[in-house]
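Right, one structure below, let's go through it.
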Amino acid sequence: MNNDSTTKILTCIICPNSCRISLTYDPDTQEITSIHGALCKKGKDWVEQELFKPMRTLCSSIRITGGREPLASIRTTKAVSLSSIKELMELIKASSIKAPVEIGQVVLSEPLGLDCDVIITRGVDRL
Ligand code: SF4
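Each residue of the sequence shown is one higher than the one before, counting from 108 in the working numbering.
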């Protein structure tokens, strides 16, 4: 282990076993130097992604004009890079959609060039 190693304990969220995985890694080379506690390889893959390229599905709401509700709930169709969430939220905050909107309707297609869409998860009728 070199002096630049970082130690972490993470709980894997892939399956109900919830393995507590302890590891050391080099933040510069993004290399895991030791890992213990994962019962399967998926745990190591998840840890690598969580440490070096964390992804999240964004759930939020978007402004609706002319609707029975002022907002409609939305989500991304896929998990997106955590580093893109702030910019994506700013885009969503600056956007509005005219009622009616239906579940599954795409409100932003591949926003910011991301490999996903933003869709409605709760419909809003026209006033
Ligand atoms: S390491 Fe494997 S067995 Fe353990 S919680 Fe993750 S997916 Fe499940």
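The beta carbon of each residue, even a glycine, is placed where N, CA and C say it ideally should be.
The beta carbon of Ile171 sits closer than 8 angstroms to those of Pro177, Leu178, Ala179, Ser203, Ile204, Lys205, Ala206, Val208, Val231, all from its chain and outside the five residues before and after it, given in chain order. Contact between Gln212 and Ile192 is ruled out by a C-beta separation of about 22 angstroms, above the 8 angstroms threshold. The closest heavy atom of the ligand SF4 lies less than 7 angstroms from the beta carbon of Ala145. A straight line joining the alpha-carbon of Ala145 with that of Leu195 spans about 33 angstroms. Take the alpha-carbon of Pro123 and the one of Ile142: they are about 20 angstroms apart. Restricting attention to Glu155, Gly220, Ile210, the CA atom closest to the CA of Val187 is found in Gly220.
For Ser141, the secondary structure class from DSSP, reduced to helix, strand or coil, is strand.
In summary, Ile120 is exposed, with fewer than 16 beta-carbon neighbours lying within 10 Å of its beta-carbon over all protein chains present. Ile139 and Ser167 have their C-alpha atoms spaced approximately 34 angstroms apart.
Within a 10 Å sphere around the beta-carbon of Cys147 sit fewer than 16 other beta-carbons, which makes this residue exposed. Counting only residues of its own chain and dropping the five nearest sequence neighbours on each side, Gln137 has a CB closer than 7 angstroms to the CB of Phe159. Residue side-chain check: Ile121 places its Cβ nearer than 7 angstroms to a non-hydrogen atom of the ligand SF4.
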